[in-house]
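**Student:** Structure below; questions to follow.
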Amino acid sequence: MRFDLSEDQALLRGSTRDFLAAEAPLEKTRRTIEHDPRGVDRETWGKLAEMGYLGLVAPAAAGGQGLGAVELAVVCEEVGRTCLPGPYLDVVLAASVLAAAGGQDALLADVVAGRRTAVLARADALYAGETKETTRFANGRVRGTKHFVPFGASADVLLVGTPEGVCLVERPFDTVPLETLDPAQRFVTVQLDHPAKLLGPATLLGAADRLAAVGAGAQLLGIMAKLLETTLEYVQTRRAFNRPIGAFQALQHRLADMLLRVESTRSAVYRAAWAVAAGDAEAALGCATAKAYAGESSRLVCGEAIQMHGGIGFTWELDVHLYFKRAKTLEQHYGGTEQQLERALEAAGL
11 MRFDLSEDQA LLRGSTRDFL AAEAPLEKTR RTIEHDPRGV DRETWGKLAE
61 MGYLGLVAPA AAGGQGLGAV ELAVVCEEVG RTCLPGPYLD VVLAASVLAA
111 AGGQDALLAD VVAGRRTAVL ARADALYAGE TKETTRFANG RVRGTKHFVP
161 FGASADVLLV GTPEGVCLVE RPFDTVPLET LDPAQRFVTV QLDHPAKLLG
211 PATLLGAADR LAAVGAGAQL LGIMAKLLET TLEYVQTRRA FNRPIGAFQA
261 LQHRLADMLL RVESTRSAVY RAAWAVAAGD AEAALGCATA KAYAGESSRL
311 VCGEAIQMHG GIGFTWELDV HLYFKRAKTL EQHYGGTEQQ LERALEAAGL
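Under this note's numbering, the residues of the sequence shown are numbered 11 to 360, in order.
Here is the structure:
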């Protein structure tokens, strides 16, 4: 099947790329990493809200754009290309849950406008493979511990997943920072003993999980595409034995493998996005497969980019390592590869 963006979607891609190039260049990202403990440039965040990106999939009645999963993939691909710091996808996912739950129009409007920040709190376990359920809702309160809450220290609202359903909890929160490979990401452990409002059943998170897989897969696609372009440029300028190193067949084969992974990921991600937007019966399978494949492919593409840049590939001065670290974070966040493969098997009835 050949997939082409519509005219409006192509315009969205072009305008998003231009916007992020102007408002979130890597030089600005580096300053945010090094000098802003919140990990978010408030000026850029305000402009994201002003341009409607925070409300991309939120309904128009709440000030959102009312767009779908394909448009989210388009924007997230560009977000990946710029290594944008901050909880962009996390806020979009939280807005989608608030919209699906209903009855939170004022809060949703604030989130879409950038006046308040809401993120999801999902993980009860600190280590992969653990299956703890320590967070419970009872008697109007949420009690327990959530790990790997993105930008939880600066969030105004948490949407907490519990066996009883999705709960809305407002700050202040007791948080403990977690060490991260990606210096532009902020994860915390949150201790909860808060009054809470039950928004709806835990199944609300199923649709958010599918959007998360599409968004994270698209960010990984953007990262891989950018690193492939960067590496191609480098091997055409770096010389050895009086010729560009890109002229050596061994490197050409490795670059071809990188291109194959990038384009295969593109097909998987946009197929999954289309399935979500169309309400296709295989949307869950497509999303899990796309995220798992994107995570695995990013390992190869980012690793090869580091290697082909030689000794300078992982130095702080070069931008390659920022993309490498973001890809490693995205590979594990929003459902790691192993978890996505389990979801794919379950969706396939195996």
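Every residue, glycine too, gets a C-beta built ideally from N, C-alpha and C.
1. With a threshold of 16 other CB atoms inside 10 Å of the CB of alanine 212, please say whether the residue is buried or exposed.
2. Given a cut-off of 8 Å on the beta-carbon distance, is the pair glutamate 341 and glycine 305 in contact?
3. What separation, rounded to the nearest whole angstrom, lies between the Cα atoms of alanine 194 and leucine 94?
4. Using a threshold of 8 Å, state whether the C-beta atoms of valine 176 and leucine 168 are closer than that.
5. With the cut-off set at 8 Å, would you say leucine 231 and glycine 90 are in Cβ contact?
6. Quick check on DSSP: helix, strand or coil for glycine 225?
7. Run through the region 103-169 for me and flag every whole alpha helix (DSSP H) of 4 or more residues, listed as ranges in chain order.
8. Does the region 181-195 come close enough to the region 64-71 that 3 or more CB-CB pairs lie under 8 Å?
9. Within 10 angstroms of its Cβ, does lysine 142 collect 16 or more other Cβ (buried), or is it exposed?
10. In three-state terms, what does DSSP make of leucine 94?
11. For valine 16, does the count of other Cβ atoms within 10 angstroms reach 16, so buried, or fall short, so exposed?
12. With DSSP as the reference, label threonine 299 as helix, strand or coil.
13. Starting from the Cα of glutamate 348, find the closest Cα among Ala298, Ala337, Gly112 and Asp329 and give me that residue.
14. What number of angstroms, rounded off, separates the C-alpha of alanine 8 from the C-alpha of asparagine 252?
15. What whole-angstrom Cβ distance do valine 311 and leucine 237 have, given they're in contact under 8 Å?
16. Assign tryptophan 55 to one of two classes, buried (16 or more other C-beta atoms within 10 Å of its C-beta) or exposed (fewer than that).
17. From this set, Thr185, Lys207 and Ala206, which residue's C-alpha is nearest threonine 199's C-alpha?
18. Out of Val85, Phe258 and Leu215, which has the shortest C-alpha to C-alpha gap to methionine 61?
19. What residue range is occupied by the uninterrupted beta strand (DSSP E) comprising glycine 56?
20. Where DSSP assigns a beta bridge to alanine 250, which residues make up the other side?
21. For arginine 336, count neighbouring Cβ atoms within 10 angstroms of its own Cβ and tell me buried if that reaches 16, exposed if not.
22. Considering glycine 175, what are the terminal residues of the beta strand (DSSP E) in which it resides?
23. Assuming histidine 343 and valine 330 make a contact with CB atoms under 8 Å, what is their CB distance in whole Å?
24. If distances are taken between C-alpha atoms only, which option among Ala315, Gly256, Ser308 and Ala354 comes closest to glutamate 292?
25. Where do the N-terminal and C-terminal ends of the beta strand (DSSP E) with threonine 199 fall, by residue?
26. Does DSSP put alanine 101 in a helix, in a strand, or in coil?
27. Examine the Cβ distances between the region 115-125 and the region 320-327 and report whether three or more of them are shorter than 8 Å.
28. For threonine 185, list the residues DSSP reports as bridge partners.
29. I'd like to check one pair, alanine 72 with valine 129: are the Cβ atoms closer than 8 Å?
30. Since leucine 172 sits in a beta bridge, which residues does DSSP pair it with?
**Tutor:** Once the coordinates are examined:
1. For the purposes of this step, residue 212 is taken as the residue at position 202 of the sequence shown. By the 10 Å Cβ count, alanine 212 comes out exposed.
2. Position 331 of the sequence shown, counting from 1, holds the residue named residue 341. Position 295 of the sequence shown, counting from 1, holds the residue named residue 305. Yes, the pair counts as a contact, with Cβ atoms nearer than the cut-off.
3. Taking the sequence shown and counting its residues from 1, one reaches residue 194 at position 184. Taking the sequence shown and counting its residues from 1, one reaches residue 94 at position 84. The alpha-carbon atoms of alanine 194 and leucine 94 are separated by roughly 8 Å.
4. Counted from its first residue, the sequence shown places residue 176 at position 166. Counted from its first residue, the sequence shown places residue 168 at position 158. Not in contact: valine 176 and leucine 168 (Cβ atoms no closer than 8 Å).
5. If you number the sequence shown from 1, residue 231 lands on position 221. If you number the sequence shown from 1, residue 90 lands on position 80. Against a cut-off of 8 Å, the Cβ pair of glycine 90 and leucine 231 comes out as a contact.
6. Indexing the sequence shown from 1 puts residue 225 at position 215. Note: glycine 225 maps to helix in three-state DSSP.
7. 115-122
8. By the C-beta criterion, the region 64-71 is judged not to be in contact with the region 181-195, since fewer than 3 inter-stretch pairs fall below 8 Å.
9. Position 132 of the sequence shown, counted from the start, is the residue given in the question as residue 142. Exposed, by the Cβ-count rule.
10. Along the sequence shown, one-based indexing puts residue 94 at 84. Leucine 94 falls in the coil class under three-state DSSP.
11. On the sequence shown, position 6 is the one that residue 16 refers to. Here residue 16 turns out to be serine, not valine, going by the sequence shown. Answer is exposed; the Cβ neighbour count stays below 16.
12. Along the sequence shown, one-based indexing puts residue 299 at 289. Here DSSP, grouped into helix, strand and coil, assigns threonine 299 to helix.
13. Within the sequence shown, numbered from 1, the residue matching residue 348 stands at position 338. For the residues Ala298, Ala337, Gly112 and Asp329, the minimum Cα distance to glutamate 348 belongs to Ala298.
14. Nothing can be reported for residue 8: it is not among the residues displayed for the chain, which extend from 11 to 360.
15. In the sequence shown, the residue the question calls residue 311 occupies position 301. In the sequence shown, the residue the question calls residue 237 occupies position 227. About 6 Å separates the two Cβ atoms, so the contact holds.
16. Counted from its first residue, the sequence shown places residue 55 at position 45. Classification for tryptophan 55: buried.
17. In the sequence shown, the residue the question calls residue 199 occupies position 189. The shortest Cα separation from threonine 199 among Thr185, Lys207 and Ala206 belongs to Thr185.
18. Against the sequence shown, residue 61 aligns to sequence position 51. Minimum Cα distance to methionine 61 is reached at Val85.
19. Residue numbering aside, residue 56 sits at position 46 when the sequence shown is read from its first letter. No beta strand (DSSP E) contains glycine 56, which is instead part of the alpha helix (DSSP H) from 52-60.
20. The sequence position of residue 250 within the sequence shown is 240, counting from 1. DSSP, once it has assigned bridges, lists Arg253 as partnering alanine 250.
21. For this step, residue 336 is matched to residue 326 along the sequence shown. When all chains shown are included, arginine 336 counts as buried.
22. Position 165 of the sequence shown, counted from the first residue, corresponds to residue 175. Counting along the chain, the unbroken beta strand (DSSP E) around glycine 175 starts and ends at 175-180.
23. Here residue 343 refers to the residue found at position 333 of the sequence shown. Here residue 330 refers to the residue found at position 320 of the sequence shown. Taking a contact as a CB-CB distance under 8 Å, the pair histidine 343 and valine 330 does not count as one, their CB atoms being some 20 Å apart.
24. If you number the sequence shown from 1, residue 292 lands on position 282. Nearest of Ala315, Gly256, Ser308 and Ala354 to glutamate 292, Cα basis: Ala354.
25. Counting from 1 along the sequence shown, the entry for residue 199 is found at position 189. From DSSP, the beta strand (DSSP E) with threonine 199 extends over 197-205.
26. Counting from one through the sequence shown, the residue named residue 101 turns up at place 91. Contrary to the premise, residue 101 reads as valine rather than alanine in this sequence. Of the three classes helix, strand and coil, the one that applies to valine 101 here is helix, per DSSP.
27. no
28. Taking the first residue of the sequence shown as position 1, residue 185 is located at position 175. Val200.
29. Mapped onto the sequence shown, residue 129 falls at position 119. Mapped onto the sequence shown, residue 72 falls at position 62. For valine 129 and alanine 72, no; Cβs fall outside 8 Å.
30. To locate residue 172, count along the sequence shown from 1; it is residue 162. According to the sequence shown, residue 172 is threonine rather than leucine. Answer is Gly175, bridged to threonine 172.
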